[in-house]
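Chemist: Using the working numbering, the letters of the sequence shown correspond one by one to residues 675 to 864.
Glycine included, C-beta positions come from ideal geometry on N, C-alpha and C.
Being a predicted model, the structure only gives us computed values, none of them experimental.
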Amino acid sequence: MLYISIINVKILTLSNKKLIKGLKKNDPSAWRQAVEKFSDSLYAFALSKCSDHEMASEIVQQVFVKTFENKDKLNPNYSLKSFLYKSTYNKFIDLYRKKKSMSALHEQYYFLLEQLSSDNENDLSDKLKMMNLKIESLPSRTKEIFCLSKQSGLSNVEISEILDISLKTVEGHITKAFKLLRNELISSKN
675 MLYISIINVK ILTLSNKKLI KGLKKNDPSA WRQAVEKFSD SLYAFALSKC
725 SDHEMASEIV QQVFVKTFEN KDKLNPNYSL KSFLYKSTYN KFIDLYRKKK
775 SMSALHEQYY FLLEQLSSDN ENDLSDKLKM MNLKIESLPS RTKEIFCLSK
825 QSGLSNVEIS EILDISLKTV EGHITKAFKL LRNELISSKN
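#1: If I measure Cβ to Cβ from Lys695 and keep anything under 7 Å in the same chain, skipping five residues before and after, which residues do I get?
#2: Can you list, in chain order, the residues of its chain whose CB lies under 7 Å from that of Ala720, leaving out five sequence neighbours each side?
#3: By DSSP, does Asn700 sit in helix, in strand, or in coil?
#4: Mind checking Ile860: buried by the 16 CB within 10 Å criterion, or exposed?
#5: Exposed or buried, Asn830, counting other C-beta atoms within 10 Å across all chains shown (16 or more means buried)?
#6: Buried or exposed for Val739, going by 16 or more other Cβ atoms inside 10 Å?
#7: Below 7 Å CB to CB, which residues in the same chain sit around Lys698 once its five sequence neighbours on both sides are set aside?
#8: Near Glu858, what residues of its chain come up, given a Cβ to Cβ distance below 7 Å and the 5 sequence neighbours on each side ignored?
#9: CB Glu845 to CB Lys772, shorter than 9 Å?
#10: Alpha carbon to alpha carbon, how far is Lys755 from Asn690?
#11: Tell me the DSSP secondary structure of Ser713 in three-state form.
#12: Compute the Euclidean distance between the alpha carbons of Glu832 and Ala704, then round it to the nearest angstrom.
#13: Rank Lys850, Glu835, Thr741 by C-alpha distance to the C-alpha of Ser713 and give the top, closest one.
Listed below in structure tokens is the structure:
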């Protein structure tokens, strides 16, 4: 009985080695097999971490893209499954940190808006006009992305798909817009 389980482990190891070698050679059937074999379980794992279907799908997609980009670094002596799960966990942590950072920026934005609205009614109209002028003065691409996010209510993923740019680019422009607006509003209060 023990002998059989050792043979099974060897077969799995060889299968893992062959799969990784195929991935490194950019063999389409190896990539298809890896995606078919691991994507559902990676999605379930990501979903258990973030409880967001869209984010879980995004995580799994980014893990496979990153694996493809770094396929030359794959080691056939290590488990592909373990590597993919670790990558999924790390990608979740990265996105969680970014989301938390973006959430803090959103809170600052709404806090500034509340400060504006807490002023008396006469000043409110002037403050809103000033805010709109500040938004209009943003660099064109930053303004476009900011307006799609805050005025149209699109998610960062939707914006990246519409504008055919990376998610990181979208996040960078939104962060830049918040910083510029915050600095402008703070300097105009003084």
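Modeler: The short version:
#1: Along the sequence shown, read from residue 1 onward, the residue named residue 695 stands at position 21. So the qualifying residues of the chain are Pro750.
#2: Reading the sequence shown from its first residue, position 46 is the one you call residue 720. Counting only Cβ-Cβ distances below 7 Å, and skipping sequence neighbours, we find Ala730, Ile733, Val734, Thr762, Phe766.
#3: By 1-based counting over the sequence shown, the position of residue 700 is 26. Here Asn700 sits in coil by DSSP.
#4: On the sequence shown, residue 860 is found 186 positions in, with the first residue counted as 1. Per the 10 Å Cβ criterion, exposed.
#5: Against the sequence shown, residue 830 aligns to sequence position 156. Result: buried.
#6: Counting from 1 along the sequence shown, the entry for residue 739 is found at position 65. By the neighbour-count rule (16 or more Cβ atoms within 10 Å), Val739 is not buried but exposed.
#7: Within the sequence shown, the letter at position 24 stands for residue 698. These residues qualify, in order along the chain: Lys745, Asp746, Leu748.
#8: On the sequence shown, residue 858 is found 184 positions in, with the first residue counted as 1. Counting only Cβ-Cβ distances below 7 Å, and skipping sequence neighbours, we find Lys808.
#9: As a first step, residue 845 is located in the sequence shown; it is residue number 171 there, counting from the start. As a first step, residue 772 is located in the sequence shown; it is residue number 98 there, counting from the start. Yes. Within cutoff.
#10: Taking the first residue of the sequence shown as position 1, residue 755 is located at position 81. Taking the first residue of the sequence shown as position 1, residue 690 is located at position 16. If you take the alpha carbons of Lys755 and Asn690, they lie about 9 Å apart.
#11: The count along the sequence shown starts at 1 and reaches residue 713 at position 39. The answer is helix: DSSP assigns Ser713 an H, G or I state.
#12: Working through the sequence shown from its first residue, we reach residue 832 at position 158. Working through the sequence shown from its first residue, we reach residue 704 at position 30. Approximately 30 Å between the Cα atoms of the pair.
#13: Walking along the sequence shown from the start, residue 713 turns up at place 39. Ranking Lys850, Glu835, Thr741 by Cα distance to Ser713 puts Thr741 first.
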